[in-house]
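Residue numbers (our numbering), protein chains in the order written: chain A, 1 to 170; chain B, 1001 to 1978; chain C, 2001 to 2080; chain D, 3001 to 3424.
Encoded as structure tokens, the structure appears first; notes follow it.
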Amino acid sequence: MTTQTALKSLRIELVAHSPGRVLEFVAFLYPAGGAFVVGWPSAPGEVRNDAEGRPVLLHVAPARWLVPAPCDEITALVDAAVAASAGMSIDATGKWCEFHLSGPDAGRALGLSIDSESVLDGRECASVVLFDCPCVLARVSSGYAIWVRASFAVDFEAAFGRLRAPARDR
Amino acid sequence: MSGNLRRGTRLRGETLRFRFDGRDYTGQVGDTAASALLANGVRAMGRSVKYRRLRGVLAAGPEEPNALFTVGTDPCVIPNVYAPQLELTDGLVARSQNRWPSLRYDVASLLQAGGGFFGAGFYYKTFIWPSWHAWEAPIRALAGLGTAPRDANLAPVPHEHSSCDVLVAGGGAAGLAAALAAARGGARVVLVEREPVCGGELEFESGAIDGQAPLEWVRATLAELDRLGARILTATTLVAGNGGEYVAHFEPGGLPGCSTMYKIRPKQIVLALGAVERPIAFVNNDLPGVMLIGAAERFLARYGVRIGKTLVLFANHDRAYAAATRLVAAGMRVRAVVDTRPADAVGAAAASRRAALVAGGTECLAEHAVLAARGGREVRGATIAPLATPSATRNFGCDALLVSGGWGPSVHAGTQEGGTKRYDASLGAFVATEQPAGRANAGGANGILELGAVLADGTAAGRNAARVAGRGSDASAAPTGAGDPAPRLVPFWRSPADRAGEKRQFIDYQNDTTVADLRATLEEGFIDVEHVKRYTALGFGTDQGRIGGLLGAAILAELRGEPLAEVGTSRLRPPYHSVAMRSIAGLRVDENLRITRRTPLYDWHLAHGGVLEPMDLWMRPRYYTQNGPAAYEAGIVEARRVREVGGIVDGSTLGKIEVAGPDAAAFLDTLYLTKASTIKVGRSKYMVNLREDGMVLDDGIVLRLAEDRFLATTSSGHGAHMLSHFEHYRDTEWSGRGVTVTDVTEAWAVIVVAGPTSRTALNAVLGASWAESIDALTHMAFARGLHGGQDLAVLRASFSGELAFELHCRPAIAVGLWESLVAAGLQPYGLEALDILRVEKGYLVSSELNGQTTPADLGMDVMIKLGNPCIGRDLLDRPAFREATRPRLIGVRAVDGRGRFYGGAQLTAADAPNRPCGYVTSSVYSPALGEWVGLALVSRLHAEGAVLTARDPLRIGDCAVRLTSIVHYDASGGRMKS
Amino acid sequence: MNRLTCPFCGPRELREFEFHKTLPEPGSSPYARVYERVARLDESTEHWQHVLGCRAWLRVRRNPSTDAVLETTLLGGGAT
Amino acid sequence: MTGAIPRYSALALLRARLSGGGFWSPLWTGRKLKDAYDVVVVGAGGHGLATAYHLARDHGLKVAVLERRLVGYGNVGRNTTIVRSNYLLPENHYFYEDSLRRWETLSKDLNYNVMYSPRGVLDLALSDGDMQDMARRGNAMRLAGIDAELLDLPALERFCPELEPRRQRRFPIFGGMVQRRGGTVRHDAVAWGYARAATAHGVDIIEDCDVQGLRTAAGVATGVETSRGYVKADRVLFATAGHTGMIGTMLGMPLPIETHLLQAMVTEPIKPMVNTVIIYVYPGHGEVYVLQSDKGGLVMGGFLDGFPSYTREGQWSRLENVVEGTVAVLPRAAGVKIVRQWAGTNDMTMDGSPIIDRLRHDNVFLNAGWCYGGFKTIPASGAACATLVATGTAPDLIKPFKLSRFQTGHLLDERGGGPFPVRL
């Protein structure tokens, strides 16, 4: 019985980026309060993007923000919060691998692991598990930005490589 | 029939060849295996499980209990495929099951001669002597249906997750009307339909909808649904509901292969799963040629199969006349319609059909029943009698006997997860009543069987669903239609029969449950329907009780003399529909059963002879093949080399948690047996955590990076657990305090550099800028800086007893550092050598941290005495932990210095040779000492110097051992301090 | 019950969460805190962690006879 | 009473067939509830029925078993039918072994075929560490006179070729440990066999009788309030499995018990392919035990559903986990279909071992906390618990299962999981 023939690849592109320095900022209190009003994405799953639309500050968990590429502006924001004794900055360089998922079937590809539409409903980013890999998933204009825990990254990429569209679409 | 070109709604004309039980046949594109075989005049398609009775097709859907095939050729076969769902493909190979040597001649079918001897409860009363097991193998060989393949090479099945406003299950009249109403109201609709095409009974029912032929309306509706953006998933069966999420299984062709599992979360679900036709119990009602009326109609309409030349129909409702009319119109002769009801119970429409049938030569008998099917290997006739005088029998010749005892609304999906049902006397069935929020039934599932009412019910359910889902209400006209009128059913369950006959009145076909079985079961006091189900296997077949469940309950009620409403039916279990395990497992199959975590050095290990083994989700090198053929030999070589020269090992899998904030030290003080607050910045400490009940949870090194910043390392296997443990206390007792907990496991690769040349090698690799700080490092101190532009910390700590350093570096430079160390003369070693080095030095290996040991058991008295009031401390004071027989960690060696003993050996003293006083937790052959050394947990009654026996009957037998200091090698620690 | 609503992440699949324990009576002894559990058919107060999501610890009140979730609150952050 | 129930044998079956009906009589139904008993047993599951049987047979006491619903409707009819005594701790393995020996002869003792099938119980090892842990356990068993064998790969291939032990897997198989005398027993038959035998010894089994309260006077129990009225009793035994926590609440005594669901599932019948009981525990919350019933279905189970529940409705995600494990361990079964899933409510204690002890009052007893081991211990528990209830003294075999052990620290934590039934 041949069964594999009917399945076809999804039209997706998954590109790995090697990120440089990455920070996580963790506040002592949550909801974090007044110190985090200006410049901080304060709603759960809110993201601050830079001028090119790249996420630079992601509210990924209670009292926790991911700073995937600390620029001067965000570093200053974090430093000010630390100086105000509102929380701690953690150097998490190497913890996350960054991927960009795009293509017409990008959403469907995610749908083969989670109901990404409902997970991202009303928010720009979410801490999720994609194909058994812990990730931060964010919607960007070209598709999705995904930060995957580094020890899972190889299998994460491989999982996308194996994905096929459901046979109905043959 | 052969020779006549068949016309059916599903047929596409093109001829296909296939093979069944070794013979070649032809069919058409669109056929199923069942329809093509019937068209070829094949009646017998399987044998039952218990009595091995020859069986034909009874039903036209997955409720089919008899015609289950094995598809494919060895080694890749799929057993138990429902023939009415198996789509014909060119070259298909199928065979019947449960027979030997052939379907026609089956040796085991001789068992049925035993009749009542093998009835319900038979096994419980026999085979006691000499033992059940003595009889079991041949009995097992007789049971079962098909054979699992020797190799099931099936593709992984994707699981697609989505949400929608309204999910409609079932694409018949009710489901289509519901989907249409919901979609017109603006709802995002998904419709799943089990068959490859929508329509349900509209495929054969007479009538019209909105002035169109039913199938025209189906086409128009599907087109409109498509325009409205609804998603129509055909060949997709609802299999389970799980707290608001629904699982549907797409299995085209009725075979596993290119399947998909849909996990759909609708705001509202409309269950329009129709109703399943049920048979009536009469003698030999299982002969090939006995078929449900609805099945015969489906085979005719879909595939142009005429089920026989001369038919007898047996029913208790009006639909029999409509069916007979259509069957006659298709060229079959209906010899008789046998109706259990009085003549005046028949409705007007059916009465006029009856008159026409009579005029055409069909005998229509009221208040009559088919008492028995006649024939040997298939139906040759029917014995019919008036119900008032069952002895006045007449024999009718026929080659097919079609039966219908009514319909069981498909409430299966509805009664799981809190839905309820009630008995409806006019249907003789249970219909769904109250459903949890978010769920509604429509059409047949509500017991509504008349087309106009079905459309109205479906429309109402769809409109309501869209409204509750927050979408608009559809104001356009609902489809109206009229078809076969309501069936006017009068419940009738079984024809009169004597006791001998009851043994061949089948209720559950697959398990051969008969009326006689129910009677015997009652006699033994199994009264409740749940007990009867378990005692007779009623409803345990692959049809999940769809054919026989209600019929059995009704006959049970009759035998008990109680109303069916009170007797009830047995609880239906999920899944709603059987589903292949491969589909359930989805992508988590083969190498992808679980995700693999890799360290930055993973590829290097693989490329350089590393033999990797799973540790939790990680893969770690146990040894390197260049050092020996197996772990034991290689481990010795690697461990010896570490002590003689040095070596490096990948410690990146260690869990790492950064604890930061002004309250970090105080927080860690409560989490560890000893205080973290006394660690100075730039120094580290070996620390131990307790579980809430006082048992040792984990150990590791805690580094103080700054006044308000610590890095806690955990063992590789406990990393996830420890992180959650830290986070729990952070979020509960320390909530709102100045402490943060961050998992930085992947942020730091760890390379352990151990051995006498470690410092030299390190200096060579890190260069002059690091030399001074490395030379200055005292035991447990660390230095931080940059290497290749990336963070690096060098900690002087040792678990090998040698001078050793832990390099904590960013992953980006891990491979480079590692390769430089190799170039500097250090060879890698694996976990096997690591364990040898640890045990030689008396350091804990993971087997001592088994959740059963207190810190005192592990000899951590010094730490306990410091009196830090940490988590778990309170419960350490319990009396059991102070008893003299409480175990304590101690060293162990063979008395003669040559004997072997393994971890897991039990230790006994001479005075109690079968009562262990301890056990060996770990042992290694020590290349440094030239003998086996180990650690053991032994009752405190036995002190150092005591001689015990290491007993290992499972592996190598006994070995006399002596208890020793736990430190076997370099007790003074001189090597480490060098 | 197939979903829990994480106060931070919103409604998520149950498999993302890990149950830790049913809470004892408040103010219990150290022994009771570790070993005893309140057993009621209509309500159970528990600690869970959104371990495959934001990793927050939650207090969840549920009806264990129906698995209906009555309330989910964040434990951490100092808010309560 | 004994004469009323015909003895079962092939000959009797033949006579029944010739009699044309009316030969057999009810196994237990039709008894009337009396006003007073020596012992009231609450719960007609395996443990309640077995204890009642021994109370009547061994101690000559007048016993009623009061059951809220149906005989054998709880866990005794919902488990995966595995029996074994391959436990590490002596307190456990001596007790489970006593039970296994009773299983060996139970069909004859009860004159009811419970289909004890010693097809072996095989634990698979995935590493040398697993092999060492199994050796520790197996060695302890062997010293106690219990059978256990460690199997390396060649031995495993001989014992269980259907496993294809050398096949490439995400978690490769290293070896295993087998207890050949372990195996399966037809679960429903145990409930029915004990109910029939107890009835034959004069026990009144009353179904549809809900015990709603305990009446006490001067610190001792005097009887139970039921949905069918008050029943006097000199002694009361609670054997209510998944609802033990509620008994504690009723008596004002919080217990070290959480109630969790444990699922089981079965496939369509296939011809014999698995001839032993396979247990495969792997990282990432993976556990599966799989066997093939005599009817041909693959019967599977795994971990607890993961949170307290009385719904008896298993989580689909756990079913997925169990099926993933089954396909991993038996790839040939990938195309076989699941037809039925169900769940039982398990009393999970804080060390994984049972509680058989007095509860609050001198004449009130508790038989509970069976965790994963309830079914396999029914014969031993019934005999020993009956002695405790009848004589007031616990036999040595069950002395370790005291409720006070959590306070004293005499824990019986076989798996080392601590006071968390679901691993953190």
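The beta-carbon is built from N, C-alpha and C at its ideal position, and this holds for glycine as well.
Where W1132 of chain B meets chain D, residues with beta-carbon distance less than 7 Å: The CB of W1132 of chain B comes closer than 7 Å to the CB of S3107, N3113, M3115, Y3116, S3117 in chain D, given here in chain order.
Distance between beta carbons of A1349 of chain B and I1269 of chain B, contact taken as under 8 Å: The distance from the Cβ of I1269 of chain B to that of A1349 of chain B is about 34 Å, inconsistent with a contact at the 8 Å cut-off.
Opening and closing residue of the alpha helix (DSSP H) in which P1214 of chain B lies: Where P1214 of chain B is concerned, the enclosing alpha helix (DSSP H) stretches over 1214-1227.
Simplified DSSP assignment, three categories, for V1642 of chain B: In the structure shown, V1642 of chain B falls within a helical segment according to DSSP collapsed to helix, strand and coil.
Nearest candidate by alpha-carbon position, reference Y1124 of chain B, set D:A3012, D:G3129, D:V3042: Checked all of D:A3012, D:G3129, D:V3042; the closest Cα to Y1124 of chain B is D:A3012.
Closest by C-alpha distance to L1086 of chain B, when choosing among B:T1026, B:V1049, B:G1046, B:A1036: The option with the nearest alpha carbon to L1086 of chain B is B:A1036.
Endpoints, alpha helix (DSSP H) assigned at D1603 of chain B: According to the DSSP assignment, D1603 of chain B belongs to the alpha helix (DSSP H) that extends over 1602-1607.
R1888 of chain B - DSSP class collapsed to helix/strand/coil: Secondary structure at R1888 of chain B: strand, using DSSP grouped into helix, strand and coil.
For W1132 of chain B, the first and last residue of its enclosing beta strand (DSSP E): Not the beta strand (DSSP E): W1132 of chain B falls in the alpha helix (DSSP H), residues 1132-1142.
9 Å Cβ cutoff, S3309 of chain D in contact with chain C: Answer yes: the Cβ-Cβ gap between S3309 of chain D and chain C drops below 9 Å somewhere.
Burial state of G1447 of chain B (16 or more Cβ within 10 Å): Counting Cβ neighbours within 10 Å, G1447 of chain B comes out buried, since at least 16 surround it.
Paired residues, beta bridge with H1721 of chain B - DSSP: DSSP lists no partner for H1721 of chain B.
G3335 of chain D: contacting residues in chain B (beta-carbon distance under 7 Å): Within chain B, the residues near G3335 of chain D are I1078, P1149, A1152, L1154, P1256, A1580, R1582.
Stretch pair the region 1311-1322 of chain B + the region 1553-1562 of chain B: three plus CB contacts closer than 8 Å: Touching, no, given that fewer than three Cβ pairs across the two stretches are closer than 8 Å.
9 Å Cβ cutoff, H1728 of chain B in contact with chain C: So, interface residue.
Validate contact between the region 2017-2031 of chain C and the region 2041-2049 of chain C using beta carbons, cut 8 Å, 3 pairs: In short, these stretches touch, since the Cβ pair count reaches three.
Cβ neighbours of R1640 of chain B in the same chain (closer than 8 Å, five flanking residues each side left out): Same-chain partners within the cutoff: P1927, A1928.
Spatial distance of R1622 of chain B from S1800 of chain B (CA atoms): Across the structure, R1622 of chain B and S1800 of chain B are spaced so that their CA atoms are roughly 16 Å apart.
Whole-Å CB distance - L1489 of chain B paired with G1406 of chain B, under 8 Å assumed: So it is a contact: roughly 5 Å between Cβ atoms.
Neighbouring residues, chain A, relative to T1599 of chain B (Cβ below 9 Å): Those are S151, listed as they occur along chain A.
Element boundaries [beta strand (DSSP E), containing S42 of chain A]: That residue, S42 of chain A, is in no beta strand (DSSP E); it is neither H nor E in DSSP.
Proximity test, Cβ basis, 9 Å: N2063 of chain C and chain B: Closer than 9 Å: no.
CB contact below 9 Å: W2048 of chain C versus chain D: So yes, W2048 of chain C belongs to the interface.
Residue span of the beta strand (DSSP E) that contains L3124 of chain D, given as start and end: It spans 3121-3125 - the beta strand (DSSP E) in which L3124 of chain D sits, taken as one unbroken run.
Residue interval of the beta strand (DSSP E) (run including Y1025 of chain B): In the DSSP assignment, Y1025 of chain B falls within the beta strand (DSSP E) that extends over 1023-1028.
Sufficient close CB pairs (3 or more, under 8 Å) joining the region 1463-1476 of chain B to the region 1250-1263 of chain B: With the cut-off at 8 Å, the region 1463-1476 of chain B and the region 1250-1263 of chain B do not touch.
Spatial neighbours of L947 of chain B in its chain, beta-carbon cut-off 7 Å, leaving aside the 5 residues before and after: Shown here, chain B extends from 1001 to 1978; a query on residue 947 of chain B therefore has no answer.
Ranges of the alpha helix (DSSP H) found wholly within the region 2022-2053 of chain C, counting only runs of at least 4: Qualifying alpha helix (DSSP H) stretches, in chain order: 2030-2035.
Continuous beta strand (DSSP E) stretch holding Q1097 of chain B: start and end: Boundaries cannot be given for Q1097 of chain B, as no beta strand (DSSP E) includes it and DSSP labels it neither H nor E.
Helix, strand or coil at S1206 of chain B according to DSSP, with G and I counted as helix: Coil.
Span separating the alpha-carbon of L66 of chain A from that of V128 of chain A: The straight-line gap from Cα to Cα measures roughly 14 Å.
Residue environment, T3267 of chain D, which counts as buried when at least 16 other CB atoms sit within 10 Å: Looking at its Cβ environment, which holds 16 or more other Cβ atoms inside 10 Å, T3267 of chain D is buried.
Three-state secondary structure (DSSP) of E3149 of chain D: Of the three classes helix, strand and coil, the one that applies to E3149 of chain D here is strand, per DSSP.
Integer Cβ distance of P3172 of chain D from L3126 of chain D, believed to fall under 8 Å: Contact between P3172 of chain D and L3126 of chain D holds, with the beta-carbon distance rounding to 7 Å and staying under 8 Å.
Beta-bridge pairing of I3082 of chain D - partner residues as DSSP gives them: DSSP output for I3082 of chain D lists D:T3184 as bridge partner(s).
7 Å Cβ cut-off: residues of chain B touching G3045 of chain D: G3045 of chain D does not reach chain B, its nearest Cβ partner there being about 14 Å away, counting only Cβ pairs nearer than 7 Å.
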